[in-house]
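Trainee:
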Amino acid sequence: MGRPSRHKIYHKIYQEEAVNYKNYLLILGLNKVTCQARYLYLKEFFSWLETLQIYQLQEITTVEIAKYYDYLLQRKSTKTGKNIKQKSIYDHMRNLQQYLGYLLENEIIKSSPASHLKFTPINEKVERFIFTQNQIQELYKVANLQEKAILNIAYGCGLRVHEISLLNKEDIRIIENLVIVQKGKNSKRRLIPISQKLAVELQEYLEKSEHKNNEFLVNNKARRMCVNTINTRLKTLILKTEFGKKLTTSALNKIGIHSLRHSIATHLLENGMKLEQVQTFLGHSYIESTEIYTHITQEQINNMKD
13 MGRPSRHKIY HKIYQEEAVN YKNYLLILGL NKVTCQARYL YLKEFFSWLE TLQIYQLQEI
73 TTVEIAKYYD YLLQRKSTKT GKNIKQKSIY DHMRNLQQYL GYLLENEIIK SSPASHLKFT
133 PINEKVERFI FTQNQIQELY KVANLQEKAI LNIAYGCGLR VHEISLLNKE DIRIIENLVI
193 VQKGKNSKRR LIPISQKLAV ELQEYLEKSE HKNNEFLVNN KARRMCVNTI NTRLKTLILK
253 TEFGKKLTTS ALNKIGIHSL RHSIATHLLE NGMKLEQVQT FLGHSYIEST EIYTHITQEQ
313 INNMKD
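In structure tokens, the structure reads:
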């Protein structure tokens with residue numbers, strides 16, 4: 013983290029909030045230096061809010077987030093007298109975003125004004141393959157029965173690859189239009205509602221698949237399909253498509269089931285679903301985990317001011 017500046021806050025609610033957040037971070041197990049830095053970042057934000065005469069957390073909107081970002085772009089370092097570094101701006105904004113997520117989790121605010129933004133450090137390289145919606149359609153067109161089932165579970169339901177591997181036939185509840193993940197990340201169980209169309213296609217797979225095992229996916233030896241095999245099956249499917257034939261080996265190797273999960277989240281956001289709804293769909297405990305699917309741009313910042 014960059015070096016945070018020290019700012020005084022006078023409003024009692026902000027003083028208590030800053031201390032409470034610091035204690036919360038300590039309980040989470042973050043080291044004391046990190047907790048102190050984040051505490052000071054939050055104090056600066058509260059101090060800045062006081063200059064605007066904003067004294068209620070519920071009054072913070074995307075407009076204030078955008079203005080605070082502009083403030084940081086112009087702020088001078090107390091040590092060098094020059095503009096603070098991009099890394100420091102990133103630390104400030106990510107801390108603020110995580111704090112707002114904390115308020116949301118505790119139902120202090122109804123929605124986070126920064127939930128749809130991704131603040132990426134200037135030196136961070138994000139290499140992630142996202143399928144276009146047309147490419148997804150192309151995959152479905154060339155998929156065989158089992159490959160289509162993989163697409164329906166990985167893309168249509170947004171499951172992680174290890175969740176797919178552990179999936180059993182009994183977890184597909186056709187009548188209830190549900191897919192049950194019995195043991196997701198952190199051993200968390202979750203229910204995923206599915207459309208009637210998806211239910212019909214999954215039922216077709218269950219009826220036509222030749223194996224009698226309880227496992228949803230099996231390999232050519234009639235054993236539960238492992239994570240590596242599922243990813244390999246996806247690559248085999250991609251190579252059947254026109255866009256897949258144009259991919260380099262290096263590009264193909266970077267694609268896996270996680271790419272389908274990222275893609276469905278991206279497409280849902282593009283089609284207008286709120287980030288909080290995507291969070292529930294993906295089974296994320298914290299909205300910050302969902303934010304990896306969006307990226308902040310100057311255009312976003314400008315739009316927030318309109």
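So for the sequence shown, this note's numbering puts the first residue at 13; every next one is plus one.
Quick reminder that beta carbons are idealized off the backbone N, C-alpha and C, glycines included.
Quick one: is F329 buried, meaning 16 or more other Cβ sit within 10 Å of its Cβ, or exposed?
Mentor: The structure shown does not extend to residue 329, since the chain is modelled only from 13 through 318, so no value can be given for it.
Trainee: Which residues mark the beginning and the end of the alpha helix (DSSP H) in which L112 is found?
Mentor: If you number the sequence shown from 1, residue 112 lands on position 100. Counting along the chain, the alpha helix (DSSP H) containing L112 begins and ends at 98-117.
Trainee: Which residue wins for smallest C-alpha separation from L280, given the options V173, N226, T144?
Mentor: Position 268 of the sequence shown holds residue 280. It is T144.
Trainee: The alpha helix (DSSP H) with R87 in it runs from where to where?
Mentor: By one-based count along the sequence shown, residue 87 stands at place 75. Run containing R87: none; DSSP gives neither H nor E here.
Trainee: Determine the DSSP secondary structure at E28, reduced to helix, strand or coil.
Mentor: For the purposes of this step, residue 28 is identified with residue 16 of the sequence shown, where counting begins at 1. The answer is helix: DSSP assigns E28 an H, G or I state.
Trainee: Starting from the N-terminal side, write out each stretch of the alpha helix (DSSP H) that is 4 residues or longer and does not extend beyond the region 18-79.
Mentor: Entirely contained in the region 18-79, the alpha helix (DSSP H) runs reaching 4 residues are, in chain order, 24-40, 44-63.
Trainee: Going straight from the alpha carbon of I321 to that of K252, what length do you get?
Mentor: With the chain covering only 13 through 318, there is no way to say anything about residue 321.
Trainee: When we look at the beta-carbon of L112 and count the other beta-carbons within 10 Å, is it buried (16 or more) or exposed?
Mentor: Taking the first residue of the sequence shown as position 1, residue 112 is located at position 100. It counts as buried.
Trainee: What's the C-alpha gap between T213 and N43?
Mentor: As a first step, residue 213 must be located in the sequence shown, where it is residue number 201. As a first step, residue 43 must be located in the sequence shown, where it is residue number 31. It should be noted that the sequence gives Glu, not Thr, for residue 213. Approximately 49 Å between the Cα atoms of the pair.
Trainee: Label L157 either buried or exposed according to how many other C-beta atoms from any shown protein chain fall within 10 Å of its C-beta, with 16 as the threshold for buried.
Mentor: Position 145 of the sequence shown, counted from the start, is the residue given in the question as residue 157. By the 10 Å Cβ count, L157 comes out exposed.
Trainee: From what residue to what residue does the alpha helix (DSSP H) around E179 run?
Mentor: Position 167 of the sequence shown holds residue 179. It should be noted that the sequence gives Leu, not Glu, for residue 179. Where L179 is concerned, there is no enclosing alpha helix (DSSP H), given that its DSSP letter is neither H nor E.
Trainee: Can you name the residues that DSSP bridges to V193?
Mentor: Sequence index remark: in the sequence shown, residue 193 carries index 181 (1-based). Beta-bridge pairing links V193 to R202.
Trainee: Quick check: what's the CA-CA separation for L52 versus Q109?
Mentor: For the purposes of this step, residue 52 is taken as residue 40 along the sequence shown, with counting starting at 1. For the purposes of this step, residue 109 is taken as residue 97 along the sequence shown, with counting starting at 1. Spanning the two alpha carbons is a distance of roughly 15 Å.
Trainee: DSSP state of I184, grouped into three classes?
Mentor: The residue you call residue 184 lines up with position 172 of the sequence shown. Residue state, collapsed to three classes: strand.
Trainee: In this structure, how does DSSP classify L171 when only helix, strand and coil are distinguished?
Mentor: Within the sequence shown, residue 171 is the residue found at index 159, counting from 1. DSSP places L171 in coil when its eight states are reduced to three.
Trainee: If you draw a straight line from the alpha carbon of K79 to that of S123, how long is it in whole angstroms?
Mentor: Along the sequence shown, read from residue 1 onward, the residue named residue 79 stands at position 67. Along the sequence shown, read from residue 1 onward, the residue named residue 123 stands at position 111. Their backbone Cα atoms lie some 19 Å apart in a straight line.
Trainee: Is the beta carbon of A211 less than 9 Å from the beta carbon of N225?
Mentor: To locate residue 211, count along the sequence shown from 1; it is residue 199. To locate residue 225, count along the sequence shown from 1; it is residue 213. Contact flag unset, no.
Trainee: Could you tell me the distance, in whole angstroms, from the CA atom of Y22 to the CA atom of I66?
Mentor: Reading the sequence shown from its first residue, position 10 is the one you call residue 22. Reading the sequence shown from its first residue, position 54 is the one you call residue 66. For Y22 and I66, the distance between alpha carbons rounds to 12 Å.
Trainee: Which of the three DSSP states is assigned to E222 in this structure?
Mentor: In the sequence shown, counting from the first residue as 1, residue 222 sits at position 210. DSSP places E222 in coil when its eight states are reduced to three.
Trainee: Leaving out five residues on either side along the sequence, give the residues of the same chain with a beta carbon under 6 Å from the beta carbon of Y26.
Mentor: For the purposes of this step, residue 26 is taken as the residue at position 14 of the sequence shown. Within the same chain, Y26 has close Cβ partners F58.
Trainee: Give the secondary structure of N95 by DSSP, where H, G and I count as helix, E and B as strand, and everything else as coil.
Mentor: Numbered from 1 along the sequence shown, position 83 holds the residue referred to as residue 95. DSSP places N95 in strand when its eight states are reduced to three.
Trainee: If contacts are defined as beta-carbon pairs under 8 Å, then L203 and I192 qualify, I think. What distance do you get, rounded to the angstrom?
Mentor: Taking the sequence shown and counting its residues from 1, the one referred to as residue 203 is at position 191. Taking the sequence shown and counting its residues from 1, the one referred to as residue 192 is at position 180. L203 to I192, Cβ: 6 Å. Contact.
Trainee: Do I269 and H172 come within 9 Å of each other at the CB atom, strictly closer than that value?
Mentor: Residue mapping note: residue 172 aligns to position 160 of the sequence shown, counting from 1. Residue mapping note: residue 269 aligns to position 257 of the sequence shown, counting from 1. Before going on, a small fix: residue 172 reads as Arg here, not His. In this structure, I269 lies closer than 9 Å to R172 by Cβ.
Trainee: Going by CA-CA distance only, name the one from K160, K97, K286, K34 that's closest to L218.
Mentor: Residue 218 sits at position 206 when you count from the first residue of the sequence shown. L218 has its Cα closest to that of K160, out of K160, K97, K286, K34.
Trainee: Along the alpha helix (DSSP H) that carries E159, what are the first and last residues, could you check?
Mentor: The residue labelled residue 159 in the question sits at position 147 within the sequence shown. Unbroken alpha helix (DSSP H) run through E159: 157-163.
Trainee: Check each candidate in N243, N35, L287 and name the one with the smallest Cα separation from I267.
Mentor: Within the sequence shown, the letter at position 255 stands for residue 267. Considering only alpha carbons, the answer is N243.
Trainee: Would you give the residue range spanned by the alpha helix (DSSP H) that G256 belongs to?
Mentor: Against the sequence shown, residue 256 aligns to sequence position 244. Per DSSP, G256 belongs to the alpha helix (DSSP H) from 254-257.
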